[in-house]
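Participant: To start, I am sharing the structure in question, which I have written as structure tokens.
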Amino acid sequence: MSLDGIVTRALVHELQALKGARIHKIYQPTENEIVLHVRGQGFGRKLLLSAHPSLPRIHYTEQPWTNPMEPPMFCMLLRKHCEGGIIEEIRQDGMERIVWIDIRHRDELGDLSIKRLALEIMGRHSNLILLDPASGTILDSIRHVTPAISSYRVVMPGTAYVPPPPQGKSNPLDVVGEAAFAAELEKALQGSGGRAERKGNGSGDRDGGVAGSGGGAGSGGEGGEGGGRTDLSPKELAGALVGAFSGVSPLLAKEIVHRAGGEAASLWPAFRGLMAEFAGHRYEPTMIETPDGRTSFSAVRLTHLQGTERSFGTMNECLDVYYGDKAERDLVRQRTTDLARLLANETAKNEKKLEKLRETLLEADEADRFRRLGELLTAHLHQVKRGDASAEVVDYYEEEQPTVAIPLDPLLTPTENAQKYFRKYNKLKNSRAVVTEQIEGAEEEIRYLESVLQGLETATPADIEEIREELTEQGYIRFRGSRKGANGKKRKGDRPAILCYTSSEGVPIYVGKNNTQNDYVTNRLGQPTDTWLHTKDIPGSHVLIRGADFGEATLHEAAMIAAYYSKAKESSGVPVDYTRIRLVRKPSGAKPGFVIYEGQKTLYVTPDEALVRSLPSAVKQV
1 MSLDGIVTRA
11 LVHELQALKG
21 ARIHKIYQPT
31 ENEIVLHVRG
41 QGFGRKLLLS
51 AHPSLPRIHY
61 TEQPWTNPME
71 PPMFCMLLRK
81 HCEGGIIEEI
91 RQDGMERIVW
101 IDIRHRDELG
111 DLSIKRLALE
121 IMGRHSNLIL
131 LDPASGTILD
141 SIRHVTPAIS
151 SYRVVMPGTA
161 YVPPPPQGKS
171 NPLDVVGEAA
181 FAAELEKALQ
191 GSGGRAERKG
201 NGSGDRDGGV
211 AGSGGGAGSG
221 GEGGEGGGRT
231 DLSPKELAGA
241 LVGAFSGVSP
251 LLAKEIVHRA
261 GGEAASLWPA
271 FRGLMAEFAG
281 HRYEPTMIET
291 PDGRTSFSAV
301 RLTHLQGTER
311 SFGTMNECLD
321 VYYGDKAERD
331 LVRQRTTDLA
341 RLLANETAKN
351 EKKLEKLRET
361 LLEADEADRF
371 RRLGELLTAH
381 LHQVKRGDAS
391 AEVVDYYEEE
401 QPTVAIPLDP
411 LLTPTENAQK
421 YFRKYNKLKN
431 SRAVVTEQIE
441 GAEEEIRYLE
451 SVLQGLETAT
461 PADIEEIREE
471 LTEQGYIRFR
481 GSRKGANGKK
491 RKGDRPAILC
501 YTSSEGVPIY
511 VGKNNTQNDY
521 VTNRLGQPTD
531 TWLHTKDIPG
541 SHVLIRGADF
551 GEATLHEAAM
561 IAAYYSKAKE
571 SSGVPVDYTR
581 IRLVRKPSGA
591 KPGFVIYEGQ
601 KTLYVTPDEA
611 LVRSLPSAVK
621 QV
């Protein structure tokens, strides 16, 4: 992962500004994250401590977090032992991705004591542990580890704190001299079974040194003249660096090898140069997006990668930007899994219903045939007697007047058989109107479900509850309590928070990101002179340009926003209708987000995420 020991070192160095600051508030917005609101001399910051299995990290955060109504037990314990406390020390365990935060706090008796928060950034084994450093006893952790889970250590309240198992690697900042460097690499290669043979020097059956010209380990093998092993590929060199030194990730190792030109002989100078920078806390926080869409970050410029590079003033800022959208999408996905499944099931149910209704409609199209058979049978009743299985009659509806066979029920009289055909005709004739109405209803419901699903895809954590309330009101899920009153209805005056962009011309552009917000934007926020936009025949957001004084740039940007917040986000040439808000109305009894409009014109745009993100935006209660 990009967050290696070097990045952790850079973060911890920047976090030294928190020493002496007071922890004002503690929140636990998710099951894996803790946010400390810290106040110091002339500043206030939010510090995120995450033990997320796939997104573990520590950094200042400017991202908005929605906190649960009831704080979890671990959060309550942290408040008891740490809220109001002073941060005494923040340090890293060697070059490992383990950060210790010591907090001075008064206990229930008023005595000062030190508590320690240990954040272990270890992928799916990540954890945040509160312990008493004096006794080494764990008070609690954000994730419990029982003996059934790990035979190495137990992480439970009351047990002794045992650090994660050591990796047996050397600290890269402590390496002195090329010989020591070569020895560490050789040891890593031997430990990983990476003893590559020399090639082209007449002694391919002997091992040599790794780092070339510096003497030391392995430099005097037969056939070598102090040149060391030169046959290792860049991939093998990077693997040796990762295996030898703690805090060096595969990403950083590739960068070191790249700066060495992929040559073992140049590896030590490249390594030494970067480690000297890190030892002096000189970092270059960088994030780069490669053409394949992958994004990486590091405490150093990643010259071995080609793509869009972005530099940051601090490592904390770099991480907050990198993880901001990623963490939010992950949180939304966690909280909406049940809603996505519900919508998928309801959509499948309606599609199956639609298929059966269309089959019924095809049968109804045969109604006239049954009427004709009834009339032909009535005209030839004198030729038919009870017990006949069929009747051969002349079809006078056809010009050639061919003879047709009409199936009969032998148990019925000729008249009863004719009446049976007329009854079937009437049933199918009447069902056509009913089935057509049911088909329209099923199609409308599928469109509605698609609009809710589109809202989920663009939702922020703050939007999720509105979508749940909407589905509750529509009867898809049972009422379970939220911002509503006791009867399950929304309180009067409830106003959703609306995302508002500011165009390049300074004009406000409001965006409804779900049906609740769409209804509010269109039916309550919109004024007669405002311009309303929506993707043509595609589920998406209602977009509103405030006022009539705007130019083509604002109209184009609003259309871009409408396309971006739609199901056609990844498409090109997306049609976007726009018209005056006074020509938009919601039919009586229509589902949330459904409107009809007239007088529209259509723009065709290709969604550009970079353009949308470049526009100033804020969430407003309007």
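For the sequence shown, position 503 (counting from the first letter as 1) is numbered 503 according to the UniProt record's numbering, and the numbering increases by one without interruption.
In this text, a Cβ means the ideal position worked out from N, Cα and C, and glycines have one as well.
For the alpha helix (DSSP H) that ASP231 lies in, which residues bound it at each end?
Facilitator: It is not in any alpha helix (DSSP H) - ASP231 carries neither H nor E in the DSSP assignment.
Participant: Can you tell me whether GLY202 is buried or exposed? The criterion is at least 16 other CB atoms within 10 Å of its CB, across all chains shown.
Facilitator: Legend: pLDDT at GLY202 = 38, less than 50; position of this residue unreliable, no value from coordinates given.
Participant: Who are the near neighbours of VAL521 in its chain, counting only those whose CB is closer than 6 Å to its CB and skipping five residues on each side?
Facilitator: Correct list, in chain order: TYR510, GLY512, HIS542, LEU544.
Participant: Is it the case that the stretch 380-391 contacts the stretch 426-439, given that we only count it when at least three CB pairs across the two stretches are under 8 Å?
Facilitator: Under the Cβ criterion (8 Å, minimum of three pairs), the stretch 426-439 does not count as touching the stretch 380-391.
Participant: Return the chain-ordered list of same chain residues with a C-beta closer than 6 Å to the C-beta of ASP102, the five sequence neighbours on each side being excluded.
Facilitator: Correct list, in chain order: GLU88, GLU89, ILE114, ARG116.
Participant: Do you know offhand how far SER451's Cα is from THR347's?
Facilitator: 11 Å
Participant: Exposed or buried, SER2, counting other C-beta atoms within 10 Å across all chains shown (16 or more means buried)?
Facilitator: buried
Participant: Determine the DSSP secondary structure at LEU3, reduced to helix, strand or coil.
Facilitator: LEU3: coil per DSSP, three-state reduction.
Participant: Would you mind giving the Cβ-Cβ distance between VAL605 and HIS556, rounded to the nearest angstrom? I have them listed as a contact below 8 Å.
Facilitator: 7 Å
Participant: Could you say which of LEU274, ASP519, LYS586, SER503 lies nearest to GLY551 if we only look at CA atoms?
Facilitator: SER503
Participant: Quick check on GLY558: buried or exposed, where buried means 16 or more other Cβ atoms within 10 Å of its Cβ?
Facilitator: Inspection of the sequence shows that residue 558 is occupied by Ala rather than by Gly. Buried, by the Cβ-count rule.
Participant: Please confirm whether PRO607 and ALA563 have their CB atoms less than 8 Å apart.
Facilitator: Contact: yes.
Participant: Taking the alpha-carbon of ALA10 as reference, which of TYR60, GLU355, PRO291 has the nearest alpha-carbon?
Facilitator: TYR60
Participant: Among LYS19, GLU31, ILE58, TRP65, whose alpha-carbon lies nearest the alpha-carbon of THR460?
Facilitator: TRP65
Participant: Only counting the same chain, and skipping five residues up and downstream in sequence, which positions put a Cβ closer than 7 Å to that of GLY324?
Facilitator: GLN63
Participant: Quick one: measure Cβ to Cβ for PRO592 and GLU470, integer angstroms, because I've assumed they're closer than 8 Å.
Facilitator: 6 Å
Participant: Where does HIS52 fall in DSSP's three states?
Facilitator: coil
Participant: Note down, in chain order, each residue of its chain lying with its Cβ closer than 8 Å to the Cβ of ASP93, except the 5 sequence neighbours on either side.
Facilitator: VAL99, TRP100, PRO163
Participant: Report the rounded CA-to-CA distance for VAL574 versus LEU611, giving the unit in angstroms.
Facilitator: 16 Å
Participant: By the DSSP assignment, the alpha helix (DSSP H) with residue 639 in it spans what residues?
Facilitator: Residue 639 lies beyond the range of the chain shown here (1 to 622); nothing can be said about it.
Participant: So, for ASN417: in the same chain, excluding its five sequence neighbours on each side, which residues have a beta-carbon less than 7 Å away from its beta-carbon?
Facilitator: LEU377, LEU408, ASP409
Participant: Taking the beta strand (DSSP E) that LYS25 falls in, what are its first and last residues?
Facilitator: 22-27
Participant: Measuring CA to CA, which of THR314, GLU263, ARG372 is closest to MET287?
Facilitator: THR314
Participant: Looking at the secondary structure, which residues open and close the beta strand (DSSP E) in which GLN92 lies?
Facilitator: 86-92
Participant: Tell me the rounded alpha-carbon separation between ALA21 and ALA462.
Facilitator: 30 Å
Participant: By the 10 Å Cβ neighbour count, where 16 or more other Cβ atoms means buried, how is SER50 classified, buried or exposed?
Facilitator: buried
Participant: Three-state secondary structure (DSSP) at VAL394?
Facilitator: In this structure, VAL394 counts as strand in the three-state DSSP scheme.
Participant: Going by the beta-carbon positions, is the gap between LEU128 and ILE142 smaller than 8 Å?
Facilitator: yes
Participant: Under the three-state reduction of DSSP, which class applies to GLU263: helix, strand or coil?
Facilitator: coil
Participant: Strictly by DSSP, which residues pair up with ILE596?
Facilitator: ARG585
Participant: Report the residue from ASN67, MET560, THR531, GLY307 whose alpha carbon sits nearest the alpha carbon of GLY599.
Facilitator: THR531
Participant: Should TYR448 be labelled buried (16 or more other beta-carbon atoms within 10 Å of its own) or exposed?
Facilitator: Its Cβ being crowded by 16 or more others within 10 Å, TYR448 is buried.
Participant: Just to check my reading of the structure: LEU77 and LEU139 have Cβ atoms closer than 8 Å, yes? What is that Cβ distance to the nearest angstrom?
Facilitator: 7 Å
Participant: One question on the structure: do LEU525 and VAL622 come within less than 8 Å of each other, judged by their Cβ atoms?
Facilitator: yes
Participant: Use the C-beta contact count for HIS382: other C-beta atoms within 10 angstroms, 16 or more gives buried, fewer gives exposed.
Facilitator: exposed
Participant: What would DSSP say about ASN345, mapped onto helix, strand or coil?
Facilitator: helix
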